[in-house]
Amino acid sequence: MLKNNMYFIDPHIHMTSRTTDDLIAMKKAGIVAVIEPAFWLGQPRTSVGTFQDYFSSLIGWERFRASQFGIKHYCAIGLNSKEANNESLAHQVMEILPFYLQKEGVVAIGEIGFDEQTDLEEKFFRLQLELAKSLDILVLVHTPHRDKKQGTLRSMDICLEYGLSPEKVIIDHNNEETVEDVLNKGFWAGFTIYPKTKMGNERMAEIVKQYGPERIIVNSSADWGHSDPLAVPKTAWLMLEKGIPTNYVKQVCYTNALKAYSQSKHFKESDWLLNLNVDLSLEFYAGNSVLRGQESLQSIQESLIIR
Amino acid sequence: MNIQIFLKSIAQQDQGKFDVVNKNLFNIKDFNDHRSFALIFNNLSETYDNCLLSKTELKNFSPELIVKGWTELELARVYLLVQISKKFEQKYDHIIEELFKTAGISELIALYKSLPFLPEPKKFLFRAQEGTRSSINLVFNAIGLNNTYPMNFFDERSWNHLILKAFFIDSDVSQIIGIEKRVNPTLMTMLTDFAHERVSSGRIVNPELWKLVNLCQDEKF
Numbered sequence: 015m016l017k018n019n020m021y022f023i024d025p026h027i028h029m030t031s032r033t034t035d036d037l038i039a040m041k042k043a044g045i046v047a048v049i050e051p052a053f054w055l056g057q058p059r060t061s062v063g064t065f066q067d068y069f070s071s072l073i074g075w076e077r078f079r080a081s082q083f084g085i086k087h088y089c090a091i092g093l094n095s096k097e098a099n100n101e102s103l104a105h106q107v108m109e110i111l112p113f114y115l116q117k118e119g120v121v122a123i124g125e126i127g128f129d130e131q132t133d134l135e136e137k138f139f140r141l142q143l144e145l146a147k148s149l150d151i152l153v154l155v156h157t158p159h160r161d162k163k164q165g166t167l168r169s170m171d172i173c174l175e176y177g178l179s180p181e182k183v184i185i186d187h188n189n190e191e192t193v194e195d196v197l198n199k200g201f202w203a204g205f206t207i208y209p210k211t212k213m214g215n216e217r218m219a220e221i222v223k224q225y226g227p228e229r230i231i232v233n234s235s236a237d238w239g240h241s242d243p244l245a246v247p248k249t250a251w252l253m254l255e256k257g258i259p260t261n262y263v264k265q266v267c268y269t270n271a272l273k274a275y276s277q278s279k280h281f282k283e284s285d286w287l288l289n290l291n292v293d294l295s296l297e298f299y300a301g302n303s304v305l306r307g308q309e310s311l312q313s314i315q316e317s318l319i320i321r
Numbered sequence: 003m004n005i006q007i008f009l010k011s012i013a014q015q016d017q018g019k020f021d022v023v024n025k026n027l028f029n030i031k032d033f034n035d036h037r038s039f040a041l042i043f044n045n046l047s048e049t050y051d052n053c054l055l056s057k058t059e060l061k062n063f064s065p066e067l068i069v070k071g072w073t074e075l076e077l078a079r080v081y082l083l084v085q086i087s088k089k090f091e092q093k094y095d096h097i098i099e100e101l102f103k104t105a106g107i108s109e110l111i112a113l114y115k116s117l118p119f120l121p122e123p124k125k126f127l128f129r130a131q132e133g134t135r136s137s138i139n140l141v142f143n144a145i146g147l148n149n150t151y152p153m154n155f156f157d158e159r160s161w162n163h164l165i166l167k168a169f170f171i172d173s174d175v176s177q178i179i180g181i182e183k184r185v186n187p188t189l190m191t192m193l194t195d196f197a198h199e200r201v202s203s204g205r206i207v208n209p210e211l212w213k214l215v216n217l218c219q220d221e222k223f
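First to last, the sequence lines map onto chains A and B. For our numbering, count along the first sequence from 1 and bump the result up by 14. For our numbering, count along the second sequence from 1 and bump the result up by 2.
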């Protein structure tokens, strides 16, 4: 039985760096769909082939792996800000992006934007915004973790310069310093609940109390750092405890993400709604299951027995 | 009835959609224009649904054309691949190779299903074998089940590993074409060893396995 009968979308999580244990925990907590944006792998890539294989894994293996645990997986494809600084490699990546941006399950170009706000980062941010405009696809913007306020304002100005509609752009990793400008300019405001370096969920609750739920989207951005793939449900449950109305919580942890990304033809609520009442003890997806035999999700993690 | 006619007859059921397919291919002149090939192959999903072919559509074709479990989108994609092999006779294998490299799951499934219908299927042996190594069950099934390719082109080693893996991942082995025709002594040993392993570990053995082993024994090697 799901806690509070709620289910969630995590629209920013790097499943490539998470184990299958996380998928099981996410499923148990009520997460029904995730979006995995393309990012770097913790150290620089040195050839375009590794980008190609990574993009292929986002539309292939990660999508399949999540489906085996009852979670619908979507992704964003793009050249991230860090690796935009390797100019010749970045150009090669730009060449392969068009092969991936219209694939099934690809809902946006992302996560793109600024890291240190170098000229090269700006160059490739602009090139990808042009691509987004020409293909009419959504944009997921990563805002820098250092000099964030300036970087966020600059990112939004450039989006508007290209004539992108703010409702088709998600500005992510917001905090108390950026939220007002992002909301005032009409963009979607993503908040990453991530210990130490980004938002906390108590602060998130305060932000929702102050600004209301409109256009606010909670995510985990869980990756290979100390992060929590249950950040979205935990934030929802905490907000309820703090007296935030249920419909507000539902908006920031599900409906707003649904609205934003349903603007992509590859993202539909009906994709996962049909799965919701499946008995957790008998999981079969697409005809086969990595859960061979009849083990329930419950027993796999809690038992001392491995069989 | 050959595959071209069959595919065309189904694809043509909606002439408007069909014209889009042909027009897009007609516009590609350069066999090196991999981006365009990738886009027209992928973007067939805008015109065709990934829904199973209906019984009425299926009853019109001859038994040797195995399209069981195909969807409209897969059919359109296979049709396109066959058309590519006709238009670019000298280079089609190179074009299709490139499609494999950036294919998503549904595209890979269509690629594997198309292999028996291409002019020289042997050219794609590596890809077919690679498909049987996939951990994505949907992809394994696309080459392993309801597909004549392994029966006709796999050597004994590859064939035996296909069968063994199918049992291992609980695929529906009754849908492997030629499973009874290509029994061999090595396969029998592999399967009985596997069955004993399962029994010792307290796991179930698929009764289909014993059926197959009995068939091997009946063959009096």
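Built from N, CA and C at the ideal position, the CB exists for glycine as well. Every value quoted in this text rests on a predicted model; they were computed, and no experiment measured them.
At least one C-beta of chain A is nearer than 7 angstroms to the C-beta of B/SER108. Residues of chain B whose Cβ lies closer than 8 angstroms to the Cβ of A/TRP286 do not exist, since the nearest Cβ in that chain is about 16 angstroms away. Taken in chain order, the members of the segment 100-117 of chain A whose beta-carbon sits within less than 8 angstroms of a beta-carbon on chain B are ILE110, PRO112, PHE113, TYR114, GLN116, LYS117. Any Cβ of chain A closer than 7 angstroms to the Cβ of B/ALA130 would place that residue at the interface, and such an atom is absent.
Look at B/ALA40: its C-beta is under 7 angstroms from a C-beta on chain A.
The alpha-carbon of A/VAL193 is positioned some 33 angstroms away from that of A/HIS105. In the DSSP assignment, B/ASN154 falls within the alpha helix (DSSP H) that extends over 151-155.
By the Cβ-count criterion, A/PRO243 is buried, with 16 or more other Cβ atoms from all chains shown falling within 10 Å of its own Cβ. Contact annotation, A/GLY127 with A/PHE139: C-beta distance approximately 6 angstroms; criterion of less than 8 angstroms satisfied.
Within the segment 133-149 of chain B, SER137, ILE138, ASN139, LEU140, ASN143 place their CB atoms closer than 8 angstroms to a CB of chain A, listed in sequence order. Chain B places no beta carbon closer than 7 angstroms to that of A/ILE49, leaving this residue out of the contacts.
DSSP places B/THR73 in the strand class (E or B) of the three-state scheme. Under the 7 angstroms criterion on CB atoms, B/ASN154 is classed as non-interfacial with respect to chain A. Look at B/ARG37: its C-beta is under 7 angstroms from a C-beta on chain A. The Cβ-Cβ distance between A/GLY119 and A/HIS280 falls below 7 angstroms. Taken atom to atom, the span from the alpha-carbon of A/ILE27 to that of A/LEU145 is near 23 angstroms.
Taking all protein chains in view, the Cβ of A/GLN142 is crowded by 16 or more other Cβ atoms within 10 Å, so the residue is classified as buried. Sorting B/ARG129, B/ASN149, B/GLU109 by C-alpha distance to the C-alpha of B/VAL69 places B/ASN149 at the top.
Rounded to the nearest whole angstrom, the CA to CA distance from B/PHE39 to A/PRO112 is 12 angstroms. Against chain B, the beta carbon of A/GLY92 has no neighbour under 7 angstroms; the closest one sits roughly 15 angstroms away. For B/SER47, the chain A residues whose C-beta falls within less than 8 angstroms of its own C-beta are GLU118, listed in chain order. Using a CB distance cut-off of 7 angstroms, A/ILE73 counts as an interface residue toward chain B. Inclusion of A/TRP202 and A/ALA274 in the CB contact set at 7 angstroms is warranted, their separation being smaller than that value. Look at A/PHE53: its C-beta is not under 7 angstroms from any C-beta on chain B.
Exclusion of the five residues before and after A/ASN99 leaves THR132, LEU134, GLU135 as the residues of its chain whose Cβ lies within less than 7 angstroms of its Cβ. Across the set A/VAL153, A/ILE230, A/LYS96, A/ASN19, the C-alpha of A/ILE230 shows the shortest separation from the C-alpha of A/GLY204.
Under the three-state reduction of DSSP output, A/HIS87 falls in the strand class.
Residues are counted here when their Cβ sits less than 9 angstroms from a Cβ of chain B; for the segment 137-149 of chain A the count is zero.
Along the segment 196-208 of chain B, none of the residues has a CB nearer than 7 angstroms to a CB of chain A. The Cβ-Cβ distance between A/PRO227 and A/VAL196 does not fall below 7 angstroms.
If you draw a straight line from the Cα of B/LEU101 to the Cα of B/GLN131, it comes to about 17 angstroms. Note on A/GLU50: 16 or more other CB atoms within 10 angstroms of its CB, so buried under the neighbour-count rule.
For A/GLY63, there is no enclosing beta strand (DSSP E); the residue is part of the alpha helix (DSSP H) that begins and ends at 62-73. Considering only A/THR64, A/GLU76, A/ILE319, the residue with the shortest C-alpha distance to A/LEU103 is A/THR64. Counting every other CB atom within 10 Å of its CB across the protein chains shown gives B/LEU110 a total of 16 or more, marking it as buried.
Beta-bridge pairing by DSSP links A/TRP202 to A/ILE184.
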